[in-house]
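So the structure is just underneath, and the comments pick up after that.
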Amino acid sequence: MNQSHEPSHHVERVFIDTNELFPFTVMDVLLTLCENRLFRWVWTDELLAEWEDVIVREHQRSPESARSITAAVRVHFSAGRIDPADYRDRITDDLSPDPGDRAHVAACLGGHVNVLLTRNVKDYRSAALVQHGVRVLTADDYLRALEQRHPIAVLGSFIATANARKRPPVTPHELADRIAAAGAAEFANRIRESCRCQMVLRTVARRDSRSSRGPGRPDFRRPNPRRSQFRRSQFRRSQLCRPRPRRPRPRGQ
Numbered sequence: 020m021n022q023s024h025e026p027s028h029h030v031e032r033v034f035i036d037t038n039e040l041f042p043f044t045v046m047d048v049l050l051t052l053c054e055n056r057l058f059r060w061v062w063t064d065e066l067l068a069e070w071e072d073v074i075v076r077e078h079q080r081s082p083e084s085a086r087s088i089t090a091a092v093r094v095h096f097s098a099g100r101i102d103p104a105d106y107r108d109r110i111t112d113d114l115s116p117d118p119g120d121r122a123h124v125a126a127c128l129g130g131h132v133n134v135l136l137t138r139n140v141k142d143y144r145s146a147a148l149v150q151h152g153v154r155v156l157t158a159d160d161y162l163r164a165l166e167q168r169h170p171i172a173v174l175g176s177f178i179a180t181a182n183a184r185k186r187p188p189v190t191p192h193e194l195a196d197r198i199a200a201a202g203a204a205e206f207a208n209r210i211r212e213s214c215r216c217q218m219v220l221r222t223v224a225r226r227d228s229r230s231s232r233g234p235g236r237p238d239f240r241r242p243n244p245r246r247s248q249f250r251r252s253q254f255r256r257s258q259l260c261r262p263r264p265r266r267p268r269p270r271g272q
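First residue of the sequence shown? That's 20 in my numbering, and the numbers climb one at a time after it.
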């Protein structure tokens, strides 16, 4: 794997709430970053079951399709599963005002989570999370912080996410627009700026490579046969159009 996708740092354990795994645009970017080892996604059985219910209720997938996606998650991200025995006995009423979020908070405590990503930050203002050092952020805030620490790796992962979309094809700028519409506007702005800087650097590099040959150095580029043919035909036309010299007439005629 490319070294740029393997930064030498402590890989954080990140728990992603259901509302940040939907829509799929944000989810694709987050999981690509996880695959490139920029963080480790940890999850629970309750989280996947809740996610299935949400995307089926929102008519984004059929029940069969939703189950196939979560089955793929269990296979490809199996190392991130938090054992229910590590957190089920920690579920109490004071963890969150939302009963549905208490299991997620308990999983963060028992699963040694570093960051919890959610759009509903107010329901996760638990003293237990603060005591255990769990940072509660939105996906936009976390992605911006991750891009500041590892700009090359994050940009490469983002471009890879865009290139992986084939039906229909998506450019990095189009994916940035979709990310902004999905709620990560600040991160999308940073990605757009990084893409523009990368294009400028490539342009400068091409210009420098051309000027480095210098005026006195030979050009070893492969000849263009069409250009050579054009030059030969142009030479022939110039020869044909050149006025012929008149022959002197013999005297006496």
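From the three backbone atoms N, C-alpha and C, an ideal C-beta is built for every residue, glycine too.
**Asked** So, is the C-beta of residue 172 closer than 8 Å to a C-beta in chain D?
**Response** Annotation note: the requested chain D is absent from the structure, which comprises a single protein chain.
**Request:** Using a threshold of 8 Å, state whether the C-beta atoms of residue 173 and residue 52 are closer than that.
**Result:** yes
**Nearest to residue 88 (by Cα), restricted to the options 72, 58 and 142** = 72
**Prompt:** Can you give the Cα-Cα distance for residue 137 and residue 104, rounded to whole angstroms?
**Reply:** 24 Å
**Message:** Based on DSSP bridge pairs, tell me the residues matched to residue 185.
**Reply:** 188
**Message:** Would the segment 104-124 count as touching the segment 74-92 if we require 3 or more Cβ pairs under 8 Å?
**Reply:** no
**Asked** Under three-state DSSP, which class holds residue 178?
**Response** helix
**Asked** Can residue 197 and residue 44 be called in contact, C-beta distance under 8 Å?
**Response** yes
**Asked** How many Å lie between residue 179 and residue 97 at the Cα?
**Response** 23 Å
**Request:** Kindly list the residues whose CB is nearer than 8 Å to the CB of residue 31, restricted to its own chain and excluding five residues on each side of it in sequence; keep chain order.
**Result:** 58, 59, 133 and 134
**Reference residue 181; option with closest CA among 70, 131 and 214** = 214
**Asked** Buried or exposed: residue 152, going by 16 or more other Cβ atoms within 10 Å of its Cβ?
**Response** exposed
**Prompt:** Considering only C-alpha positions, which residue in the set 129, 211, 124 and 49 is nearest to residue 141?
**Reply:** 124
**Asked** Can you list, in chain order, the residues of its chain whose CB lies under 8 Å from that of residue 211, leaving out five sequence neighbours each side?
**Response** 192 and 195
**Asked** What are the boundary residues of the beta strand (DSSP E) that residue 88 is part of?
**Response** Careful: residue 88 lies outside any beta strand (DSSP E), inside the alpha helix (DSSP H) at 82-95.
**Message:** Going by C-alpha to C-alpha distance, which of 121, 201 and 170 sits closest to residue 39?
**Reply:** 201
**Request:** Measure the alpha-carbon distance for residue 56 versus residue 112 and round it to whole angstroms.
**Result:** 34 Å
**Request:** Keeping to the same chain, check which residues put their C-beta closer than 8 Å to that of residue 62; ignore five residues upstream and five downstream.
**Result:** 34, 35, 92, 96, 99, 100 and 101
**Prompt:** Is it buried or exposed for residue 216, if we count other Cβ within 10 angstroms and need 16 for buried?
**Reply:** exposed
**Request:** Identify, in the order they occur along the chain, each residue of the same chain with its Cβ nearer than 6 Å to the Cβ of residue 177, setting aside the five sequence neighbours on each side.
**Result:** 210
**Request:** Run the CB neighbour count on residue 149, radius 10 Å, all protein chains shown included, and call it buried at 16 or more, exposed below.
**Result:** exposed
**Prompt:** Measuring CB to CB, does residue 114 end up less than 8 Å from residue 121?
**Reply:** yes
**Prompt:** What separation, rounded to the nearest whole angstrom, lies between the Cα atoms of residue 199 and residue 186?
**Reply:** 20 Å
**Prompt:** Tell me which same chain residues have a C-beta within less than 6 Å of the C-beta of residue 69, skipping the five on either side of it?
**Reply:** 37
**Item:** Under the three-state DSSP convention, the category residue 41 falls into
**Value:** coil
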